[in-house]
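Read the structure below first, then the notes.
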Amino acid sequence: ACPAGIDICEYIRQISLGDYLGATQVIKERNPFPAVIGRICPRPCEQDCRRQLIDEPVAINFLKRYAADYERESGQRVQPYKAPETGKKIAVVGGGVEGLSTAFFSARLGHAVDVYEAAPKLGGQVLMAAAGSWRKDVSGIVDWRANELDHLGVDVRINKYAEASDVLSLEPDVVIVATGGLPDLDWLPGAE
C-alpha cells in the first residue's frame, strides 16, 4: 500500500539485522526524503499491514524515520545506485518537493542537473505547510537532504529566478518546470 512503492519488507529486514544505513539505502531507491516523509506520511501501509490480523500493524513509518534519522545523526550519507553519466543536461525550475525529487532521480539516471529556486531556502511551500508543527525540524532535515544533492552532482541555485536566458545559456536537453504551490511573496524585493 506504499504510494512510493518502497520495498518495505526489505528495509524492515535490514533494520532487524541492525543495518540502518542499508535500510535507508533501500528506502532511497524510491523515496529521496525518508526523514521528512517519516514525519508527515499518513501511513497507508500500516492500514494494510497483515500483522494487524494478529495484534497490531508494524510501525512501518516510524521504522523508516528511525533509519533515516540514524543516517543523518551518523553523518554518513548512503546513496542508492547511480547510473553512469549520460552527457544529458536537465534544468529544473523550482526547489520544492517536486523539483528536488526530479533532480534526485534525474541525477541517479546519470544526467547533469541544475536546480533554480527563487526562494532563499529549498523545500517549497507545500512541504513546509504539510510539516505543520514539525516545520522547524523538517526544515533542517530538508536542508541536510538538499545538501545531499551535491553528492549526486546536482548544482542547486537558491535565491535565483530562472530567467529564460540563464537557463537556456546552459543548453539543457530538457527544462522541467516544477514551481509547485503558490509562493509566499513576503521575501521578494518590492513585494507589497
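Residue numbers 9 to 200, in my numbering, belong to the letters of the sequence shown in order. From the three backbone atoms N, C-alpha and C, an ideal C-beta is built for every residue, glycine too.
Can the beta-carbon of residue i be found closer than 8 angstroms to that of residue j?
i      : j      : result
Ala9   : Pro50  : no
Arg80  : Trp152 : yes
Ile23  : Ala75  : yes
Glu166 : Gly103 : At residue 166 the sequence reads Ile, which differs from the Glu that was named. Yes, these two residues count as a Cβ contact at 8 angstroms.
Val121 : Ala186 : no
Lys90  : Gly107 : no
Ala115 : Gly46  : no
Ile201 : Thr110 : Outside the shown range of the chain, which is 9 to 200, sits residue 201, and nothing can be said about it.
Lys36  : Val86  : yes
Leu130 : Val164 : yes
Tyr97  : Pro180 : Tyr is not the amino acid found at residue 97; the sequence shown has Lys there. A contact, by the Cβ cut-off of 8 angstroms.
Ala43  : Arg73  : yes
Ala99  : Tyr78  : no
DSSP beta-bridge partners for residue i?
i      : result
Ile184 : Val100
With DSSP collapsed to three states, give me the class of residue i.
i      : result
Arg51  : coil
Ala43  : helix
Val164 : strand
Ala120 : strand
Gly131 : strand
Glu93  : coil
Arg85  : coil
Asp56  : coil
Ile149 : helix
Ala115 : helix
Glu106 : helix
Glu125 : coil
Consider the C-beta atom of residue i and the heavy atoms of the ligand FAD; say whether any pair is separated by less than 7 angstroms.
i     : result
Gln60 : Questions concerning the ligand FAD fall outside what the structure shown contains, since it holds no ligand whatsoever.
Please list the terminal residues of the continuous alpha helix (DSSP H) segment that includes residue i.
i      : result
Lys36  : 28-36
Arg80  : 68-82
Ala172 : 172-177
Cys17  : 16-24
With a threshold of 8 angstroms between beta carbons, is residue i in contact with chain B?
i     : result
Gly13 : The chain inventory of the structure shown lacks chain B, comprising one protein chain alone.
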